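All remarks here apply to the structure that follows.
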Amino acid sequence: MVAQNIKHALFCAVITLIISYPILGLDLIAEGIQIKLSGADTSTYIGIAAAVLIVFLFQLFRPAITGSLSAIGAANPLRDRKPLPQDKRVRLERAALILIVIGALLWPFFASRGSVDLATLVLIYIMLGLGLNVVVGLAGLLDLGYVAFYAVGAYTFALLSQYYDISFWVALPLGALLAAAFGFLLGFPVLRLRGDYLAIVTLGFGEIIRILLNNLTSLTGGPNGVGGIPDPTLFGMEFGRRIKTEGNTSFHEVFNIPYNSDHKVIFLYLIALLLAVVTLVVIRRLVRMPVGRSWEALREDEIAARSLGMSRTGVKLSAFTIGAFFAGFAGTVFASKQGFISPESFVFLESAIILAIVVLGGMGSQLGVILAAIAVTVLPELAREFSEYRMLIFGAAMVLMMIWRPQGLLPMSRVHIQLKQE
Amino acid sequence: MLDVRNLSMRFGGLLAVDGVSLDVKEKEIVSIIGPNGAGKTTVFNCLSGFYQPSGGTISFEGKEIQGIPDYKISRLGLVRTFQHVRLFNSMTVVENLLVAQHRHLNTNLFAGLIKTPAYRKKEEKSLERAAYWLKQVGLLDLANREAGNLAYGQQRRLEIARCMVTEPRLLMLDEPAAGLNPNETRELNQLIIRLKEDYCVSVVLIEHDMSLVMDISDRINVINQGRPLASGTPDEIRQNDDVIKAYLGEE
């Protein structure tokens, strides 16, 4: 037993050394046209050695360590508590959501500009996560090309404003509807596909949209992107220092307050918040309607769903369309926030991150998706100092999460329905 | 009511069903029996639209339905259960019944989003119907359990209840007694008879449990190796030499 432990621990330590030494301990330095390999400084070597030692010791005493860890878990008084009764939990959840929304409404007036800007991004990801949650979490259709609909929404606004001077508020429904139309179109070829095959086709679709945007240079400007996307206005009031469009007034002049560039950021944040709340409420209702239930039925058992008169076509298309619709929303807000978009913003990694939000949050769970969206967007910002290792930390966090909480942060809990007992 | 003529189903070189005919009248329980692999479930799959039959006609209440997609057939009132229970496992028992009624509900998205009075009324009604059928199959107390966590016999009953909330005209049960203990089989027996008597539902039944089949069937069709072997009342079948040979082998 002990001998086996030592062998195993040695093996793990060697693997750690093999992986970490070339990555951290060696440096490529360009000298003129030559590239020279050089070692890192001593502190790095000490670090690597320490890591190897830690791995060795951890593996050696693993049973003891995990044993004491579970003792910590047992000390947690909340561990064995009974789940809350249904009505109490629903009330608690509703109260939490309302508090969050109220807090989110007031917060930007006290926070710094940078954090409000980040919060807008979080809200955009919340919209995307909630939308993808319909497709992946509820209908069980693995969609790896979700970013395509996001791109459609963003480019709709960008191009309409560039060519036809259309404002944000007109472009918002148009972008969402066009994204929904694309969702509907994508739905057709993948009607018969499930699981891996579906994932591959949607992945391809996402790439097609991105590559199209990249190569339709005459229309989209290709890799140069589209710039000069206007900011949203409030009843014809602009938030810039000077009025850009004829006939509009300026916010700070109407209210007779000094110009402050924060106003624009806060306004955009509030729009994103409004749209995120709309997304949340609409999807929350949909889930409890026949449409939402039929999504879940299709995920659970397609054959049984068909035998009960549900049309596979209708159910799948509605899931894709509604999911895409909200991505279009998010895209329009994103375009307006950035003021400039290019195909670079809609790469596969974005799809992967949105999917990670859904999976981390707990498939089908709205509160979970919101929490995960915050975590996935804010954590990398906090970890900016280790910017080189951000992706590494992100990956490690995912792996740990899947080991300890594979059902997600807040897994979906079923709503109990009170039946009349006669 | 249901009239099947010369049904055949070919999978490549294999003729799984060959010239099977079947007819079911109002308020009648008709059983299909036969040795394993005889093609009983294939017949069911053809009737319910999961397969497109290679030949023959199926008419249901005067309308030819062969080749119509499965979900449309079930909307006509021809609903089936499965040999292996197929429930929506992670949904609750009530939700299983609600989702089955989705086409009775207002499917208008906006009516549901703003909860119009008409929508509420319909929702209420479908809840009542779900509660009613849960009571009929004795699962009312388990209404908010996840369907996948029920005992096997309860799952079987839930599957039947799920068919019944769609208000079918004809119910097709594929081995409903498989895996049930004698007690549960007896209850199932009574349930099926009650469905026929009280709700005017015709039943087509595939079953290996002979006591159940002989007890409740009005007529029995025997299929062997895809071909019809015999048909008649339970008594006639019991004395039919061909049937005995097919089941017990020849001396």
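Chains as they are written, first to last, in this note's numbering: chain A, 1 to 422; chain B, 1001 to 1251.
C-beta: ideal position from N, C-alpha, C; glycine also.
From a predicted model like this one, the values you see are computed outputs, not experimental measurements.
Between the CA atoms of residue j and residue i - distance to the nearest angstrom
i	j	result
residue 325 of chain A	residue 149 of chain A	8 Å
residue 1228 of chain B	residue 1189 of chain B	25 Å
residue 1090 of chain B	residue 1098 of chain B	14 Å
residue 276 of chain A	residue 1164 of chain B	40 Å
residue 1088 of chain B	residue 230 of chain A	48 Å
residue 396 of chain A	residue 390 of chain A	10 Å
residue 215 of chain A	residue 345 of chain A	15 Å
residue 272 of chain A	residue 1125 of chain B	38 Å
residue 55 of chain A	residue 62 of chain A	10 Å
residue 1120 of chain B	residue 1113 of chain B	11 Å
residue 1130 of chain B	residue 1094 of chain B	7 Å
residue 1050 of chain B	residue 1174 of chain B	14 Å
residue 379 of chain A	residue 372 of chain A	10 Å
residue 110 of chain A	residue 228 of chain A	29 Å
residue 135 of chain A	residue 1238 of chain B	54 Å
residue 117 of chain A	residue 100 of chain A	18 Å
residue 1180 of chain B	residue 1137 of chain B	15 Å
residue 1016 of chain B	residue 1008 of chain B	7 Å
residue 1206 of chain B	residue 93 of chain A	47 Å
residue 42 of chain A	residue 7 of chain A	29 Å
residue 1045 of chain B	residue 343 of chain A	48 Å
residue 1076 of chain B	residue 1168 of chain B	8 Å
residue 1203 of chain B	residue 1033 of chain B	14 Å
residue 407 of chain A	residue 310 of chain A	28 Å
residue 1249 of chain B	residue 1222 of chain B	15 Å
residue 341 of chain A	residue 225 of chain A	5 Å
residue 87 of chain A	residue 265 of chain A	39 Å
residue 1117 of chain B	residue 130 of chain A	28 Å
residue 1218 of chain B	residue 1230 of chain B	14 Å
residue 138 of chain A	residue 1078 of chain B	28 Å
residue 107 of chain A	residue 1068 of chain B	58 Å
residue 1170 of chain B	residue 1063 of chain B	14 Å
Bridge partner(s) assigned by DSSP for residue i
i	result
residue 1221 of chain B	B:1032, B:1231
residue 1064 of chain B	B:1059
residue 250 of chain A	A:238
residue 368 of chain A	DSSP lists no partner for residue 368 of chain A.
residue 341 of chain A	A:226
residue 1011 of chain B	B:1014
residue 27 of chain A	A:38
residue 1165 of chain B	Paired residues: none, contrary to the question.
residue 1212 of chain B	DSSP, once it has assigned bridges, lists no residue as partnering residue 1212 of chain B.
residue 1174 of chain B	B:1206
residue 1002 of chain B	B:1024, B:1060
residue 1078 of chain B	B:1170
residue 950 of chain B	Any property of residue 950 of chain B remains undetermined from this structure, which presents chain B solely from 1001 to 1251.
Within chain A, the residues that residue i reaches when beta carbons sit closer than 9 Å
i	result
residue 1094 of chain B	416, 417, 419
residue 1079 of chain B	307, 308, 309
residue 1166 of chain B	308, 309
residue 1173 of chain B	Per Cβ cutoff of 9 Å: no residues; residue 1173 of chain B is ~12 Å from chain A at best.
Contacts that residue i makes with chain B (C-beta to C-beta distance below 9 Å)
i	result
residue 303 of chain A	1050, 1070, 1082, 1086
residue 296 of chain A	1088, 1090, 1091, 1095, 1099
Amino acids of chain A, ordered along the chain, whose beta-carbon sits closer than 7 Å to that of residue i
i	result
residue 1113 of chain B	282, 285
residue 1075 of chain B	309
residue 1178 of chain B	Simply none; closest approach about 17 Å.
Rounded Cβ spacing between residue i and residue j (contact assumed at less than 8 Å)
i	j	result
residue 161 of chain A	residue 171 of chain A	7 Å
residue 331 of chain A	residue 154 of chain A	4 Å
residue 361 of chain A	residue 409 of chain A	5 Å
residue 251 of chain A	residue 234 of chain A	7 Å
residue 1065 of chain B	residue 1074 of chain B	Going by Cβ atoms, the distance from residue 1065 of chain B to residue 1074 of chain B rounds to 11 Å, so no, they are not a contact pair.
Proximal chain A residues relative to residue i, where beta-carbon distance stays under 8 Å
i	result
residue 1089 of chain B	300, 301
residue 1188 of chain B	Here the premise fails: no neighbours, minimum Cβ distance about 19 Å.
residue 1146 of chain B	414
Partner residues on chain B for residue i, Cβ-Cβ distance less than 7 Å
i	result
residue 293 of chain A	1095, 1098, 1099, 1102
heavy atom of the ligand ATP below 7 Å from residue i C-beta
i	result
residue 1205 of chain B	Because no ligand of any kind appears in the structure shown, any question about the ligand ATP cannot be addressed here.
Short CB-CB distance (under 8 Å) between residue i and chain C
i	result
residue 195 of chain A	Protein chains A and B are contained in the structure displayed, whereas chain C is not.
(Q) So if I threshold CB-CB distances at 7 Å, which residues from the stretch 342-353 of chain A count as touching chain B? (A) none
Q. Can you list, in chain order, the residues of the stretch 1043-1064 of chain B whose Cβ is nearer than 8 Å to any Cβ on chain A?
A. 1048, 1050
Q.
Give me the subset of the stretch 307-328 of chain A whose CB atoms are less than 7 Å from a CB atom of chain B, sorted by chain position.
A. For the stretch 307-328 of chain A, the set of residues with a beta-carbon nearer than 7 Å to any beta-carbon of chain B comprises 307, 308, 309, 310, 311, in chain order.
(Q) Closer than 9 Å between beta carbons: that is the criterion. Which residues of the stretch 1220-1239 of chain B meet it against chain A? (A) none
Q) Got a sec: which bits of the stretch 1009-1036 of chain B sit with their beta carbon under 7 Å from any beta carbon on chain A, in order along the chain? A) Here the close residues number zero.
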